[in-house]
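Engineer: The sequence shown lines up with residues 3 to 124 when you count with the working numbering.
Every residue gets a Cβ at the ideal spot worked out from N, C-alpha and C, and that includes glycine.
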Amino acid sequence: MNIALCISGSTIKQLATSCSRAVTHLRLANSELPYPTRKMHIQSILMWTDNYVYLVVDDKTRDAMVVDSANPPEVLPVLKEQLLKQAIQLTGVINTHHHHGDHAGGNKALLKAFPSTPIIGG
């Protein structure tokens with residue numbers, strides 16, 4: 003049974019209003035955080051046909067880290083293009099699973115292409 007059928011229109015409106023208030027409250031609370039926050043951009047790079055590499059870029063400094071870059075033929079062209087355009091400064095490579103080839107399989111090629119870039123976790 004579809005749960006939406008069990009909820010009346012007025013109940014849905016009340017839920018939407020409550021959620022809207024909660025989001026507004028969170029925005030206000032986050033604007034008063036005791037620590038600095040930074041905006042970032044996350045670019046998904048398709049790898050093979052069912053996996054992704056993530057390029058995480060700090061919007062202010064343009065510092066960037068690559069997450070789980072296992073397939074260099076698909077990742078290196080994107081990184082090199084971004085570096086040539088001076089859109090990023092590659093500061094590191096992060097592997098979330100150091101024993102999995104679909105996460106850490108590109109470490110050697112990335113280290114060869116960017117020898118001064120630290121690799122974390124792999």
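1) With respect to the alpha helix (DSSP H) encompassing Ala-115, which residues constitute its N-terminal and C-terminal limits?
2) By the DSSP assignment, the alpha helix (DSSP H) with Gln-88 in it spans what residues?
3) Val-127 and Ile-96: beta carbons closer than 7 Å?
4) Measure the C-alpha to C-alpha separation of Ser-71 and Lys-110 and round it to an integer number of angstroms.
5) To the nearest angstrom, report how far apart Gly-108 and Phe-116 are at their CA atoms.
6) If we count the other Cβ atoms within 10 Å of its Cβ and call it buried at 16 or more, is Pro-74 buried or exposed?
Structural biologist: Let me lay it out:
1) One-based indexing of the sequence shown puts residue 115 at position 113. Run containing Ala-115: 109-115, per the alpha helix (DSSP H) assignment.
2) Translated into the one-based positions of the sequence shown, residue 88 becomes position 86. Element bounds for Gln-88: n/a, residue is neither H nor E.
3) Since the first residue shown for the chain is 3 and the last is 124, residue 127 is missing from the structure and cannot be characterised.
4) Here residue 71 refers to the residue found at position 69 of the sequence shown. Here residue 110 refers to the residue found at position 108 of the sequence shown. CA-CA distance, Ser-71 to Lys-110, rounds to 11 Å.
5) In the sequence shown, residue 108 corresponds to position 106, counting from 1. In the sequence shown, residue 116 corresponds to position 114, counting from 1. Going by the C-alpha atoms only, they are around 12 Å apart.
6) The sequence position of residue 74 within the sequence shown is 72, counting from 1. So Pro-74 counts as buried.
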